[in-house]
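Take the sequence shown: its position 312, counted from the start at 1, is 502 in this note's numbering, and no numbers get skipped.
Where a beta carbon is used, it is the ideal one built from N, C-alpha and C, also for glycine.
Predicted model only: the values in this text are computed from it and were never measured.
Some notes on the structure that comes next.
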Amino acid sequence: MKTLLITLTLLISLNIFGQENLRIEKVDSLEYCEKGNVFLANYQFNKAIEYLNHCYRDDTENIDYLKKIALCNYKLGRLQSAKKIYLKILTKDSINISVLNQLAIIYLKESNYKKSQEQYQKLINIDASNSYYHKKIAEIYLKKADIENSIFHFEKAHLYNPSNIEVIVELSRIYLGLKFYVIVDSLLSKGRVLDATNVKLILYQAKSAYMQKNYPSVINNVNQILTSAKDTSAYLLKLLGISNFHVKNYQNAIVILEKITDDNKQSEIIHYYLGLAHREAGNINNSIKYFEKAINKGISNNISTYYTNLAVSLEEKGMFKESINAYQAAYKSSKDKILLYHLARNYDSYYKNKKTALKYYEMYLAKNDTGNVKFKNYSKHRISELKQIIHFDID
Numbered sequence: 191m192k193t194l195l196i197t198l199t200l201l202i203s204l205n206i207f208g209q210e211n212l213r214i215e216k217v218d219s220l221e222y223c224e225k226g227n228v229f230l231a232n233y234q235f236n237k238a239i240e241y242l243n244h245c246y247r248d249d250t251e252n253i254d255y256l257k258k259i260a261l262c263n264y265k266l267g268r269l270q271s272a273k274k275i276y277l278k279i280l281t282k283d284s285i286n287i288s289v290l291n292q293l294a295i296i297y298l299k300e301s302n303y304k305k306s307q308e309q310y311q312k313l314i315n316i317d318a319s320n321s322y323y324h325k326k327i328a329e330i331y332l333k334k335a336d337i338e339n340s341i342f343h344f345e346k347a348h349l350y351n352p353s354n355i356e357v358i359v360e361l362s363r364i365y366l367g368l369k370f371y372v373i374v375d376s377l378l379s380k381g382r383v384l385d386a387t388n389v390k391l392i393l394y395q396a397k398s399a400y401m402q403k404n405y406p407s408v409i410n411n412v413n414q415i416l417t418s419a420k421d422t423s424a425y426l427l428k429l430l431g432i433s434n435f436h437v438k439n440y441q442n443a444i445v446i447l448e449k450i451t452d453d454n455k456q457s458e459i460i461h462y463y464l465g466l467a468h469r470e471a472g473n474i475n476n477s478i479k480y481f482e483k484a485i486n487k488g489i490s491n492n493i494s495t496y497y498t499n500l501a502v503s504l505e506e507k508g509m510f511k512e513s514i515n516a517y518q519a520a521y522k523s524s525k526d527k528i529l530l531y532h533l534a535r536n537y538d539s540y541y542k543n544k545k546t547a548l549k550y551y552e553m554y555l556a557k558n559d560t561g562n563v564k565f566k567n568y569s570k571h572r573i574s575e576l577k578q579i580i581h582f583d584i585d
């Protein structure tokens with residue numbers, strides 16, 4: 191009997207001791223997990239991984255620990271490790287929304303657009319009315335230059351969340367490139383109702399107005415940006431200066447454009463418009479100077495336009511020999527038949543010998559310029575006169 195009592199006492203003691211150990215281990219595990227969460231919250235990701243791994247070993251069914259470990263690896267730039275863990279989670283929970291989102295982000299960082307797109311498509315299949323998913327997949331299609339699908343999903347994003355300014359801006363940018371001005375202007379107007387001072391919205395309104403040659407609107411919008419954002423970038427000043435030229439504020443155009451003549455990206459077109467503005471303002475010498483600079487800077491297909499305008503300014507100054515050279519350069523570049531007429535007139539004005547002028551008048555008529563009846567009629571009349579002059583000169 192005594193032996194039995196001793197045995198029972200020993201068993202009870204061992205059971206109590208075992209339960210106590212389990213309780214202690216559970217407390218230790220909870221403390222580890224709490225510490226892991228604290229380290230994660232404090233951006234101490236290496237330490238967080240150490241503690242969270244301990245938690246996961248104690249509870250391998252808890253995928254929340256795996257998600258946190260994967261997140262730490264992602265934050266540390268260990269994309270492969272993070273991806274491996276996220277894929278492991280998907281074997282247990284194939285429609286885990288947070289994991290699919292994180293995988294999409296990782297694949298995008300790796301420029302693996304196909305895989306990233308697949309994750310967002312899965313998310314759309316789960317929640318088709320989620321504007322965020324449509325926005326993200328639209329951005330991927332845009333990176334792949336798939337404009338049609340990009341528009342489709344941006345439109346879906348806009349449908350499900352009409353107040354998303356980023357979506358409005360992206361749609362406006364795409365439609366502006368397609369020259370769908372009515373859609374662009376409608377989107378931007380809605381955007382300005384939501385956020386009247388948004389610089390991107392105002393900028394795209396300025397761009398749209400510029401492309402539609404609505405120059406007063408360009409001036410209004412650019413001035414709003416200059417006032418609110420204090421942005422004096424060369425691009426904005428270019429829009430403002432050129433628009434002032436087109437509304438015949440030539441002095442304003444000159445003052446604005448002369449601020450950005452050193453901008454290498456814009457200098458060609460800037461010098462050209464300065465040449466135009468100075469000519470309209472009566473400053474022919476400055477006009478010639480800027481047209482020559484535009485030609486020297488010229489790398490675009492507009493070089494013939496620069497030569498033509500230089501020739502016009504030289505002609506206005508009575509410098510016919512120089513204007514002939516400029517018209518010749520313009521014609522060589524563009525083969526524009528109207529330049530033959532201008533060459534004929536300048537040769538006619540400058541040289542006593544009219545044979546070259548006659549040749550150019552005849553060349554011009556041979557091109558049959560049906561859009562300039564007055565020039566054609568004058569050329570016919572002048573050819574008749576020059577033939578008589580040349581005939582009498584021979585006599």
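Cβ-based neighbour list, residue i, same chain, cut-off 8 angstroms, excluding 5 preceding and 5 following
| i | result |
| --- | --- |
| H343 | H324, K325, I327, A328 and Y331 |
| G381 | I355, I358, V359, S362, N388 and L391 |
| Q518 | L533 |
| D585 | Here D585 scores only 45 on pLDDT, less than 50, and its place in the model should not be relied on; the value that follows carries that caveat. Cβ within range, chain order: n/a, list empty. |
| K258 | G226, N227, L230, A238 and L242 |
| K557 | K527 and L530 |
Assigned exposure category for residue i - 16 Cβ within 10 Å defines buried
| i | result |
| --- | --- |
| L349 | exposed |
| T387 | exposed |
| Q441 | exposed |
| R469 | buried |
| N302 | exposed |
| L426 | buried |
| G465 | buried |
| L313 | buried |
| N232 | exposed |
| R535 | buried |
| S513 | buried |
| A335 | exposed |
| L576 | buried |
| A399 | buried |
| L277 | exposed |
| A318 | exposed |
| S490 | exposed |
Check whether residue i and residue j have beta carbons under 9 angstroms apart
| i | j | result |
| --- | --- | --- |
| I337 | I358 | no |
| H461 | E505 | no |
| V412 | L391 | no |
| Y555 | K566 | Residue identity check: residue 555 is Leu in the sequence provided, not Tyr. In this structure, K566 lies closer than 9 angstroms to L555 by Cβ. |
| I188 | N434 | This structure does not reach residue 188, given that the chain is present from 191 up to 585, and the question cannot be answered. |
| A516 | L530 | no |
| Y496 | F510 | no |
| L256 | F235 | no |
| Y141 | R572 | Given a span of 191 to 585 for the chain in the structure shown, any question on residue 141 remains unanswerable. |
| S353 | L384 | yes |
| K346 | S306 | no |
| A484 | I444 | no |
Residue closest to residue i, alpha-carbon to alpha-carbon, out of the options
| i | options | result |
| --- | --- | --- |
| E221 | N232, H244 and I296 | H244 |
| N315 | I409, A335 and N286 | N286 |
| N448 | K397, L242, K479 and N227 | At residue 448 the sequence reads Glu, which differs from the Asn that was named. It is K479 whose Cα lies nearest to the Cα of E448. |
| T498 | K522, N476, L290 and G508 | K522 |
| Y394 | L313, D385 and D375 | D375 |
| T560 | S288, Y400, K527 and S407 | K527 |
| L261 | K511, K237 and K542 | K237 |
| N473 | N320, Y400 and K507 | K507 |
| N131 | Y463, A471 and A467 | Look at the range of the chain in this structure, 191 to 585, and you will see that residue 131 is not part of it. |
| Q402 | G367, A424, Q414 and I415 | G367 |
Cutoff 6 angstroms; reference residue i; Cβ partners in own chain excluding five residues on either side
| i | result |
| --- | --- |
| R436 | It is His, not Arg, that sits at residue 436 in the sequence shown. Here the set comprises Y405. |
| L269 | I296 |
| C223 | C245 |
| K273 | I296 |
| Y568 | none |
| I373 | Y365 |
| Q309 | L290, L293 and A294 |
| N263 | S271 and A272 |
| S539 | F510 |
| A520 | S494, Y497, T498 and L529 |
| Q586 | Examination of residue 586 is not possible in this model, given that the chain is present from 191 through 585 alone. |
| L548 | L576 |
| Q209 | With a pLDDT of only 46 at Q209, under the threshold of 50, the placement of this residue in the model should not be trusted; the figure read from the coordinates follows. Answer for Q209: no residue qualifies. |
Beta-carbon proximity list for residue i, same chain, < 7 angstroms, skipping 5 on both sides
| i | result |
| --- | --- |
| V228 | none |
| N339 | Y331 |
| K487 | S457, E458 and H461 |
| K216 | Confidence at K216 is low in this model, with a pLDDT of 45, below 50, so the placement of that residue is unreliable and no value is reported for it. |
| N476 | H468 |
| K304 | none |
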